[in-house]
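Okay, so here's the structure we're looking at.
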Amino acid sequence: MALFGTDGIRGSAGSADSFLNPKLVRAIGVATGIVFKSQAQILIGRDTRKSGVEIEQALIAGLTSTGVNVTLIGVIPTPGLAHLVLTRKADAAIMITASHNPASDNGIKIFGSNGQKIADELELEIEHLIESNPEVKFTQQGLVAKDENGRNEYITYLLSTISKSLSGITVVVDCAHGSASTYAPEVLKRAGAEVIVIGATPDGENINKDCGSTHLDLLAAKVLQSGADLGIAHDGDADRALMIDGRGNVVDGDALLAHLALAAKRNNELPGNKIVATVMSNLGFLKKMEKEGVIVEIAQVGDRYVLEQMLEHEIYYGGEQSGHIILRKFATTGDGILTALQILELIANDEAKAENLSKIFSSYPQVLLNIPVTDKEKVLTSIDLKIATESVESELGNDGRILIRASGTEPLIRVMVEADTQSKADAIAKKLANAVESSSNA
């Protein structure tokens, strides 16, 4: 039974016939409790989805039946929960979130005592336990407590990561009606910024709906209309940030990582002059880093894989184009609010200009397509797709690249094309998408 994808367990939620139904979630709780053993201390946090409370209750039932003690943190960004598992010296933490997915989905991310997402081996052990449905023989029921101080502790920690006041900077922050809603505005205001808030009225159903890091039009319009210096967009669980510069241009994760890495290099704070990026990073970003003498280690997509490379090579800066930025000096996972603070401090220190944030390198025109399929493996191994891929790679030469991969969280094949012109990227992406669809239907 394969439950875990590249970012935990994720699927439909909210009803008895949903993928994440109470029976399965309770079984996940039981299996996790067995893995971490009786008397373990496990934290539970969630984003603002309506289904989160039901999932939380089912997890509690499963965990406590194995003797595990549970502490409820409530609504919190995923990186906030990862931070608290360290400061509370807990054995594990479970975050209930589907990140940037719609409200109809939910998910489960599990962190170990080190604040990092658990290893593949532990995920497999949990899956095997769920499949075998073991009889629980613990006699002592675990306890449940609420933690009322986690929010303030995390906010205080975030503020401690910068030393320069953000006074004089006006920002628009889009909280995606998610976990950031009761965190990001307060953090930015207490840091000294003038803050305009949008997307911060969660009702359980509107998370990520036409807002946040996957829908940047609203934020861009608000930045231009208000005359703000820049905009910040989070996703549902605030583990990522994208920005809009003062001219209304998108500042993606590649650009944010470039600013942070080059500032660190200027200040002799980039060990080995190395960073980690992913296979999705823009060719323009990679060429800029090469020109500046920064070595880029490439990881597969997923912030857990970025962190693995960072730990393996003793690297302190890493990230994804999607806005997951990991700053090992401060955090064990991607943290959108932390990323925003670090970028804003660069601006406050005149190390970056808000109106030109997106211009740190010249991006190659890029096209990203998501094609629904029923059998990802069948498509990726098809002869038709292989022939189409070889044809376009020959056409691009050194003036672009392609990447075709299966989504780790959804039934999709993702196609990425970069070329020296937008029209060429569009045409090649369409050709590859057609090959994916024909392979899927064969």
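Everything in the sequence shown is counted per the working numbering, starting at 65 for the first residue and increasing by one.
Glycine included, C-beta positions come from ideal geometry on N, C-alpha and C.
- Taking C-beta atoms as the reference points, Ala292 and Ala244 fail to come closer than 7 Å.
- Here the alpha carbon of Thr70 sits roughly 6 Å from the alpha carbon of Thr473.
- Straight through space, the alpha carbons of Leu207 and Ile190 are spaced by roughly 22 Å.
- In the DSSP assignment, Pro436 forms a beta bridge with Leu476.
- Considering only Ile492, Gly310, Ile194, the residue with the shortest C-alpha distance to Ser458 is Ile492.
- With contacts defined as CB atoms closer than 7 Å, Asn337 and Gly357 qualify as a contacting pair.
- In this structure Gly97 touches Thr130 by the C-beta definition: roughly 3 Å separates them, less than 8 Å.
- Distances from the alpha-carbon of Asn505 to those of Asp448, Ile466, Glu185 put Asp448 closest.
- Annotation: the continuous beta strand (DSSP E) that includes Tyr381 extends over 381–383.
- For Lys273, no beta strand (DSSP E) run applies, since DSSP gives it neither H nor E.
- If only uninterrupted beta strand (DSSP E) runs of at least 3 residues are considered, those enclosed by the segment 90–164 are 105–110, 133–139, 156–160.
- With a cut-off of 8 Å on Cβ pairs, the segment 313–327 is in contact with the segment 390–407, counting three or more such pairs.
- The segment 257–265 and the segment 227–242 touch, with three or more beta-carbon pairs separated by less than 8 Å.
- DSSP places Glu217 inside the alpha helix (DSSP H), whose first and last residues are 214–224.
- DSSP places Thr342 in the uninterrupted beta strand (DSSP E) bounded by 338–342.
- Closest option to Phe394, judged by alpha-carbon separation, among Ala146, Ala95, Ala80, Ser82: Ala146.
- For Ser455, the enclosing alpha helix (DSSP H) has its first and last residue at 447–460.
- The C-alpha of Arg152 is placed about 37 Å away from the C-alpha of Leu421.
- Judged by DSSP secondary structure, His192 falls outside any beta strand (DSSP E) and instead within the alpha helix (DSSP H) spanning 184–196.
- Between Ile411 and Val437, the CB-CB gap reaches or exceeds 7 Å.
- Where Asp490 is concerned, the enclosing alpha helix (DSSP H) starts and stops at 486–505.
- Counting only the Cα atoms, Gly144 lies some 11 Å from Asp111.
- Judged by DSSP in its simplified three-state form, Ser76 adopts strand.
- For Lys423, the secondary structure class from DSSP, reduced to helix, strand or coil, is helix.
- For Glu378, the three-state secondary structure derived from DSSP is coil.
- Shown here, Val358 sits in coil according to DSSP, grouped into three states, outside any helix or strand.
- Excluding residues up to 5 positions away in sequence, Val479 lie with their Cβ nearer than 6 Å to the Cβ of Ile468 in the same chain.
- Looking at the DSSP output, Leu467 shares a beta bridge with Met480.
- Burial is judged here by how many other beta carbons sit within 10 angstroms of a residue's own beta carbon; Pro249 has at least 16 and is buried.
- Assigned with DSSP and collapsed to three states, Val365 falls in coil, not helix or strand.
- Assignment of Gln289 by DSSP, reduced to helix, strand and coil, places it in the helix class.
- Its Cα nearest to that of Gly93, the residue Gln121 stands out among Ser229, Gln121, Ala77, Ala162.
- Comparing alpha-carbon positions, the option among Arg113, Lys494, Thr485, Leu371 lying closest to Met159 turns out to be Arg113.
- Membership of His323 in the alpha helix (DSSP H) is indicated by the continuous run 317–330.
- Sorting Ala125, Leu391, Ser115 by C-alpha distance to the C-alpha of Gln205 places Ala125 at the top.
- As the crow flies, the alpha-carbon of Lys101 is around 26 Å from that of Ala162.
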